[in-house]
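Worksheet for the structure shown next.
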Ligand code: ADP
Ligand code: MG
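Numbering (my numbering), first residue to last: 372 to 983.
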């Protein structure tokens, strides 16, 4: 029975806009299908979801007498009293989604319960008609056409079809993973993108990421005093260029939560470098009393009664598994040979080791260990996360902004430009350690790191070249194929023209790209690494412009060809290096290390105690 929540209940629910993008519509509709107990769910989108979104399920259906109520704001069958809020077991509970989606689209719901007949109800901008007899099997089919047709301002805020499509795909992939017992079919513009068969998590992971990822993962199943963590985590050598391959489900709900994300990231810290992100599909299961799902209008974050306990549990399990410590055997299902060396583990999944004797309060004490243990100084200190805001996604942890850094360097460099000397006044005096060239000018000596200086010069030249778009492309014998996920695909697709202007010949097909030519200076470059770097910027690219990034990456890669320290230069090379430096003694290598060090005569005199 659907009823309208009383204001005293409704006012306790985290309010805010739930539908702002096609992917949030898909999220709400699929959550409803799951709450209805569906075992088969079909999701179809057209035009990035702007044109049409349709979700069909075989769940319990809606009674004819309830059909109109479903369109009312705050109308739900899932929650009655304020007490119910304390232990929510359904994905929905706010009674808001259907009403808000209907108010900004043309919506049709066709539904049939086990006993009843099929009825359909149409709504245009929230104005519903009367239920009409319809046909169809048990279950519900919700069609949303022309999202935001009556709110042009919001329509304008949508991204391109490909980007919206990528975000929907990211969201759908999380449903496949979080509900492996449901069989999903996901179609984009009439073509099947994902299909899962409701036969388990491994199969769902294979449906989303391909079967080969499983071989690079640990399967874990751990119970730390009632905090259950299970799923798959990539091994130490399996990493991805961005966070879009990370999924965390808390009590069955996909969330972006800082505490858990940080715990996993810190556990991997010792194995991965910056801009390498672990792969994981993790399920955290907690007693409903210690997790609050009612903190965010999109229900995309949760709050834990005690963040430290959660952090501690997740960190200790994941790091034990990665470190291969003996404790890990308890958590790893199907341990790989290296871990199972002690012979304790038997073939199939080890049941989670349970310690029921310990109370939650005791566990809390035990798990409140220091979050930055000695010997792991690289671990980011734990900070209480900021309370959830109304943003659609929880903000990603602050990352070093590469381009801020570049800008800062450029500024410093321009200051250093004042150090410019007339090259003719510099006398070459020899070299040290086959790396440092010595120059004298008046009362000053300069040591030039030949490698760093050469790198800088090349880098500037290449950036310049990119600037003037003089890049020529060179075809490759064998094309390079880049496989991407939905978000990555959309990101690259949007930026194809930019890549092409740099000399790449790149085409999209299916979920992949074919690169058949590269900029001439980069022939033979490591394309895998290059695209990993480009994709790594996807998360932060709102602040960065791709052309800048490309210029930087191309130049950096070409710099690897620069003369290395340890090679003796000929007199001619020394002279040409100096000429290219053009007397600029403030020069720095592209990574910001100084390429030139000045030593005053007086400093030497001090060393020899000639002066004090
Ligand atoms: P909520 O999910 O928070 O209850 P919604 O606005 O999403 O609110 O849905 C309103 C009500 O409509 C639900 O409580 C449920 O009774 C009914 N409903 C919506 N979608 C479905 C569905 N696919 N199958 C069965 N009932 C549904
Ligand atoms: Mg709902």
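For every residue, glycine included, the Cβ atom is placed at its ideal position computed from N, Cα and C.
The model shown is predicted, which means the values in this text are computed figures rather than measured ones.
Three-state secondary structure (DSSP) of residue i
i: residue 969; result: strand
i: residue 796; result: helix
i: residue 788; result: Here the model assigns residue 788 a pLDDT of 45, short of 50, so the residue's position is not dependable, and the following value carries that caveat. In this structure, residue 788 counts as helix in the three-state DSSP scheme.
i: residue 725; result: For residue 725, the pLDDT reaches just 35, beneath the cut-off of 50, and the residue's location in the model is therefore unreliable, although a value from the coordinates is still provided. Three-state result, residue 725: coil.
i: residue 540; result: helix
i: residue 887; result: strand
i: residue 854; result: strand
i: residue 943; result: helix
i: residue 801; result: strand
i: residue 657; result: coil
i: residue 600; result: strand
i: residue 846; result: strand
i: residue 605; result: strand
i: residue 488; result: coil
i: residue 637; result: helix
i: residue 380; result: helix
i: residue 978; result: helix
i: residue 580; result: helix
i: residue 567; result: coil
i: residue 494; result: strand
i: residue 666; result: coil
i: residue 685; result: helix
i: residue 642; result: coil
i: residue 835; result: helix
i: residue 515; result: strand
i: residue 393; result: helix
i: residue 558; result: strand
i: residue 922; result: helix
Residue i beta carbon near the ligand MG (any heavy atom closer than 7 Å)
i: residue 463; result: yes
i: residue 441; result: no
i: residue 468; result: yes
i: residue 334; result: No information on residue 334 is available, as it lies outside the stretch 372 to 983 that the chain covers here.
i: residue 495; result: no
i: residue 878; result: no
i: residue 536; result: no
Cβ neighbour criterion (16 or more within 10 Å) applied to residue i
i: residue 900; result: exposed
i: residue 982; result: exposed
i: residue 596; result: buried
i: residue 955; result: buried
i: residue 397; result: buried
i: residue 432; result: buried
i: residue 534; result: buried
i: residue 532; result: buried
i: residue 863; result: buried
i: residue 466; result: buried
i: residue 980; result: exposed
i: residue 678; result: buried
i: residue 561; result: exposed
i: residue 602; result: buried
i: residue 959; result: buried
i: residue 814; result: exposed
Sheet register partners of residue i (DSSP bridge)
i: residue 374; result: 447
i: residue 510; result: 483
i: residue 817; result: 810, 969
i: residue 877; result: 886
i: residue 618; result: 652
i: residue 872; result: Paired residue(s): none; residue 872 is not in a bridge.
i: residue 694; result: Its beta-bridge partners do not exist; DSSP assigns none.
i: residue 499; result: 494
i: residue 595; result: 598
Residue i: CB within 7 Å of a non-hydrogen atom of the ligand ADP
i: residue 588; result: no
i: residue 488; result: no
i: residue 507; result: no
i: residue 430; result: yes
i: residue 608; result: no
i: residue 373; result: yes
i: residue 399; result: yes
i: residue 483; result: no
i: residue 592; result: no
i: residue 403; result: yes
i: residue 659; result: no
i: residue 406; result: yes
i: residue 514; result: no
Check: residue i C-beta below 7 Å from any heavy atom of the ligand SAH
i: residue 852; result: For the structure depicted, the ligand SAH is absent and the ligand set comprises only the ligand ADP and the ligand MG.
Min CB distance residue i to chain B below 8 Å
i: residue 946; result: Going by chain labels, chain B is absent from the structure shown, which holds only one protein chain.
Subject >> Ordered list of beta strand (DSSP E) runs contained in the segment 411-479, each at least 3 residues >> reply: 411-417, 423-428
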